[in-house]
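K.L.:
Can you read through this structure? Questions will come right after.
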Amino acid sequence: MEKLGFAFAIMVLLQSCTSYFAGRFSDKLGRRPFLFITAYADAVILLLYTVIHQTYQLYLLQGILGITNGVSDTISTSLLGDLTIKEKRGSSVGKFNAIVGLSSAVGLSLGGYMAKIYGIKSLFYLAAIVVTLSTVLLFFIR
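Take the sequence shown: its letter number 101 is residue 106 in this note's numbering, and every next letter is one higher.
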């Protein structure tokens, strides 16, 4: 169990370290390219979870996921601020975080049942598909 805790710590540490740089680079280079890259990287990482066998592989994937999460979390919030009128930014970010939290709660709740019926790997396959499909929505953001 301590290995799992360490794996999550690696992810959170790298996510925290990456956030500042992600914000800086996205201010200079734009937001959408980073969101596309991190979304597709996340989909690949999710698929790779289904084939790992060693603890170091888990640590490596968690580290990469921490980097991509640091980039995507920071930039998605920045993009939301860019697209929202100044007077509604706070409420827009609040709604965004509420939707993310609620969908995470639903996904985690249903995930246990899905893993029991279809196996744990099915969760990673489904998540990779959802991440890939949701990235298509970026094409429709002005």
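C-beta atoms are modelled at their ideal positions from N, C-alpha and C, and glycine is treated no differently.
1) When the Cα atoms are used, what is the spatial distance from leucine 66 to leucine 53?
2) Where in the stretch 46-111 do unbroken runs of the alpha helix (DSSP H), each at least 4 residues long, occur, reported from the N-terminal end onward?
3) Count the other C-beta atoms from every protein chain shown that fall within 10 angstroms of the C-beta of valine 29, then say buried if there are 16 or more, exposed otherwise.
4) Look up isoleucine 134 in the DSSP assignment and say whether it is helix, strand or coil.
5) Is the number of C-beta pairs between the stretch 40-52 and the stretch 119-138 that are closer than 8 Å three or more?
6) So, do the stretch 71-89 and the stretch 17-32 have three or more beta carbon pairs nearer to each other than 8 Å?
7) Looking only at its chain, what residues have a beta carbon closer than 6 Å to the beta carbon of threonine 140, apart from the 5 residues adjacent to it on each side?
8) Take the Cβ of serine 31 as the centre, count every other Cβ of all protein chains shown within 10 Å, and call the residue buried at 16 or more, exposed below.
P.N.:
Considering the structure as presented:
1) 8 Å
2) 60-88
3) Note on identity: in this sequence residue 29 is arginine, with valine being the wrong assignment. With fewer than 16 other Cβ atoms within 10 Å, it is exposed.
4) DSSP places isoleucine 134 in helix when its eight states are reduced to three.
5) yes
6) Output reads yes: the stretch 17-32 touches the stretch 71-89.
7) Ala44
8) buried
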